[in-house]
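Residues are numbered in the working numbering as their position in the sequence shown, beginning at 1, plus a constant of 119.
Below is one structure; the comments refer to it alone.
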Amino acid sequence: MKQSYFNNIEFPSVDYIGKKFIFVSAFLLTIGITTSIAITNIALTIGFVGLLILALSKNFSFEKKDIPIGLLFLQNLLSIFGINVKNSFTNLNPVRLFLPYFILSRLSEKHKFIVNLLALVTIFTSICIMVKAFFNFEIQDIFSARHIYFHYPPIQAGSLWSTSFLATGSIMMMLALLFVTLSFYYKSIFYYTSAAFAFLSLFFIQELSAILGFFIGIILIPFFIKKIKKKNLIFFYTIIIIAFIILFEASPVKQKIINAVHYHKNTSILLRFAQWDAAIKAIQKQNLKTIMFGFGLNNADKAILPYKIESFKNICNKYSTHCSS
């Protein structure tokens, strides 16, 4: 009996296919995370399929390092059972929040070049942000621009794909912390440069939450890096402090930081503190379910307004602000 032609063909294992999906996803995610929301969405979809294949083939397992991100995911998941299940479920997006971590953390050791590619993308994105800040046009329009005007002080700048300064600042803050951390493990000028450019870009994005997040991360880094030399740590913090002082004096973000410190003179910041205070006071009037599961995403107004906190109403009236959201 003649042997079938297909008997000689070796089909890849399910595990192999899953890992290839992860690789393609990580590659696209690296390119798209700062340049294209469409590429990012495609990357996350491919990554989700890859992780699902690995889970079905029993080659995906949770590790000890996944505990922090797992607790964060659990907190988001529990928020579904808040006051508005339908609204909370609609706004819950665990795919976008947690997939990048699981995709990149499951990469094979031989694919380290993707980190180098991410470093290159970080430098390029930082340059784009600086061009936008000083010349007020996207870098891709540099050859078609008829007139180029230099802006100083620089204007607030976003990324290539997002006009949201908060989104841009969050991404660049995380990339800065990533390459600062890698610089302790790998003495690479490439990583040093990427960390410096990403850090510098934060002052052109001018998003205070991103700058604050970066410095909180910097403070925590020594607790997570093993066997760090004391002299290296002193040198590192000295450079960060000097760089911050120089950028603080030269950047428009200086006035924003001063306003944040003297928050009682800034209505927007004062109301934010008042909201936090009112939310804490409202806990005393909430039932057990609300205390346990919260209010879900995009329901911040429901955490305060229904409980009629007197101090919050007084501040709203004082500054003639309609506190409906």
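Ideal Cβ positions, reconstructed from N, Cα and C, are used throughout, including at glycine.
Taking C-beta to C-beta, are Phe192 and Phe217 nearer than 7 Å?
yes
Coarse secondary structure for Lys427, derived from DSSP in three states:
coil
Going by Cα to Cα distance, which pick from Phe412, Gly336 and Gln275 is closest to Ala252?
Gln275
Would you say Leu294 and Thr241 are within 7 Å of each other, going by their C-beta atoms?
yes
Alpha carbon to alpha carbon, what distance is there between Met411 and Lys432?
26 Å
Delimiting residues of the alpha helix (DSSP H) encompassing Leu191:
Ile186 to Leu197
Distance between Ala286 and Ala398 (C-alpha atoms, nearest Å)
25 Å
Counting along the chain, where does the alpha helix (DSSP H) carrying Gly413 start and finish?
Here Gly413 belongs to no alpha helix (DSSP H), and DSSP marks it neither H nor E.
Counting along the chain, where does the alpha helix (DSSP H) carrying Leu339 start and finish?
Leu327 to Phe343
Please say whether Leu226 and Ala314 have beta carbons closer to each other than 7 Å?
no
Verify whether the separation of the beta carbon atoms of Thr244 and Thr312 is less than 7 Å.
no
Please determine, among Asn160, Ala157 and Leu170, the residue with the shortest C-alpha to C-alpha distance to Phe142.
Leu170
Under 7 Å Cβ to Cβ from Ala401, same chain only, skipping five residues before and after it: list those, please.
Ala422, Ile423, Tyr426 and Ile428
Could you say which of Ile222, Thr357 and Lys348 lies nearest to Ile165 if we only look at CA atoms?
Ile222
When we look at the beta-carbon of Ile434 and count the other beta-carbons within 10 Å, is it buried (16 or more) or exposed?
buried
Closest to Met291 by CA distance: which of Tyr268, Ser328 and Phe303 is it?
Ser328
Ser444 in three-state terms, based on DSSP:
Residue placement at Ser444 cannot be trusted, given a pLDDT of 46 that sits under 50; what the coordinates show is reported in the next sentence. Of the three classes helix, strand and coil, the one that applies to Ser444 here is coil, per DSSP.
Rounded to the nearest angstrom, how far is the Cβ of Asn255 from that of Tyr268, given a contact under 8 Å?
7 Å
Whole angstroms are fine: how far does the CA of Asn178 sit from the CA of Gln394?
46 Å
Reference Ile172, options Val133, Ala238 and Leu148, closest by Cα:
Val133
Phe232, buried or exposed, once every other Cβ within 10 Å from all chains shown has been counted against 16
exposed
In this structure, how does DSSP classify Ser245 when only helix, strand and coil are distinguished?
helix
Option nearest Leu390 by Cα separation, candidates Asn436, Ser176 and Gly336
Asn436
Between the Cα of Ser289 and the Cα atoms of Ser224, Phe318 and Ile353, which residue gives the shortest distance?
Phe318
Let me know the secondary structure DSSP gives Gly277 once reduced to three states.
coil
If we ignore side chains and look at the alpha-carbon of each, how far apart do Ser444 and Leu196 end up?
In this predicted model, Ser444 has a pLDDT of only 46, less than 50, meaning its place in the structure is not dependable; the value taken from the coordinates is given anyway. Looking at the two C-alpha atoms, the distance is approximately 24 Å.
Within 10 angstroms of its Cβ, does Ile330 collect 16 or more other Cβ (buried), or is it exposed?
buried
Ignore the nearest five residues each way along the sequence and tell me which others in Asn235's own chain have a CB closer than 7 Å to its CB.
Phe309
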